[in-house]
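Heads up: the sequence shown runs through residues 22 to 327, numbered per the working numbering.
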Amino acid sequence: MSKLSMLKDKVVVVTGAGGGIGREIALAMAREGARLVVNDIGASVSGEGIDDGPAQAVANEIRAAGGEAVVSTDSVSQAQSAQRIITAAMDAFGRIDCVVNNAGILRDRFFHKMGEDEWDAVIKVHLYGAYHVSRAAAPHFKAQESGSYIHMTSASGLIGNFGQANYSAAKLGVVALSKSIALDMLKFNVRSNCIAPFAWSRMIGAIPTDTPEEQARVDRIKQMTPAKITPLAVCLASDAGRDANGQIFAVRNNEIFLISQPRPVRSVHRSEGWSPQSVARHALPALKASFFSLDRSGDVFSWDPI
22 MSKLSMLKDK VVVVTGAGGG IGREIALAMA REGARLVVND IGASVSGEGI DDGPAQAVAN
82 EIRAAGGEAV VSTDSVSQAQ SAQRIITAAM DAFGRIDCVV NNAGILRDRF FHKMGEDEWD
142 AVIKVHLYGA YHVSRAAAPH FKAQESGSYI HMTSASGLIG NFGQANYSAA KLGVVALSKS
202 IALDMLKFNV RSNCIAPFAW SRMIGAIPTD TPEEQARVDR IKQMTPAKIT PLAVCLASDA
262 GRDANGQIFA VRNNEIFLIS QPRPVRSVHR SEGWSPQSVA RHALPALKAS FFSLDRSGDV
322 FSWDPI
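Right under this line is the structure:
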């Protein structure tokens, strides 16, 4: 490893690191000198099945390149198993410097058809998972007065998408969780940021291609490889990323975006107060010019990847 490596001697936990974006982040962190906990239960995209092969393969690849890595196959969705992921880092390396909450599953279905099991499964992995792993790392970050969280969010939550109420709700919840961590742990020099990755992986391999327009969209997405996400992730994990905290980024091929956060955009006032009738007659018409459209990510990011 180079003496100029950005993550020399840092210990990084990457969940969902057995393939796709997680794998590329783990490999990139290792190339920059980090010691890795490669966490993945080896499940299918929908969260079914267990296989330690994917995580082991990534760890082997890191070691073959001269890096250090241990494997964790514990689930992020339960507090006790998430704690074991962090314990693996402490047992192997004696510290932890960064958590990348990347593990995820999909159970897509239109809202009026979605079952409680489909809702629960996705919320538990994405939102509960981000909470459980982050919470397990928090005492160590606090004690050493340093640390970085990197949470994967999604344009499905930030903007919107069809058939993903569970996933969208979880991913927008992760954004609020990240901001809360950033606020609560600022005094301990702990940072928390989100990345919305645009990349072709198993997670989006199930996007429908029933129409020519959908197929064209998938073809564009395939240009965006998971490796494109890694430079920002590595930088945020390093001391060079110290000025970024509580932010939402997106990476789309060779583009890096800073995503806005909810703020007031327009207001109306009546000194005598409001009635339902005056809201209908005055407030809503006055505010309507600033209403947001029912966009999906493809509507907002409408140009081809650069």
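No residue lacks a Cβ here, since even glycine has one placed at the ideal position from N, Cα and C.
query, result
"Stretch-stretch touch, CB-based, cutoff 8 Å, three pairs: the region 316-326 with the region 172-180", "yes"
"Environment of L3 [buried if 16+ CB atoms lie within 10 Å]", "The first residue shown for the chain is 22 and the last is 327, placing residue 3 beyond what the model contains."
"Beta-carbon contacts of F102 that lie in its chain and below 7 Å, excluding the five residues immediately before and after", "In the sequence on display, residue 102 carries Ser and not Phe. Only D95 and S96 meet the Cβ criterion."
"Unbroken stretches of the alpha helix (DSSP H), 4 residues or longer, contained in the region 219-303", "233-242 and 251-258"
"The region 280-289 in contact with the region 138-152 per 3-pair CB rule at 8 Å", "no"
"Per DSSP, the bridge partner or partners of V211", "G168"
"Length of the line joining the Cα atoms of E293 and S299", "11 Å"
"Identity of the residue in H172, M27 and L48 nearest G17 by Cα", "No information on residue 17 is available, as it lies outside the stretch 22 to 327 that the chain covers here."
"Residues near G39 by beta carbon distance below 7 Å, same chain, minus five either side", "D61, G63, P75, A76 and V79"
"Whole runs of the alpha helix (DSSP H) within the region 104-167, excluding any shorter than 4 residues", "137-144 and 150-165"
"Proximity of A85 and A51 at Cβ, strictly below 8 Å", "no"
"Limits of the unbroken beta strand (DSSP E) element including V97", "That residue, V97, is in no beta strand (DSSP E); it is neither H nor E in DSSP."
"Spatial distance of V121 from V58 (CA atoms)", "10 Å"
"Whole-Å CB distance - S213 paired with A203, under 8 Å assumed", "4 Å"
"Under the three-state DSSP convention, the category M50 falls into", "helix"
"Unbroken beta strand (DSSP E) run spanning L57, endpoints", "R56 to N60"
"Beta-carbon spacing of S98, I106 below 8 Å", "no"
"Cβ-based burial, H153 [other Cβ within 10 Å; buried from 16]", "buried"
"Of the listed residues Q165, D325, K200 and D138, nearest to V239 (C-alpha basis)", "D325"
"N274 and I327 closer than 8 Å at C-beta", "yes"
"Start-to-end residues for the alpha helix (DSSP H) that takes in I202", "A186 to D205"
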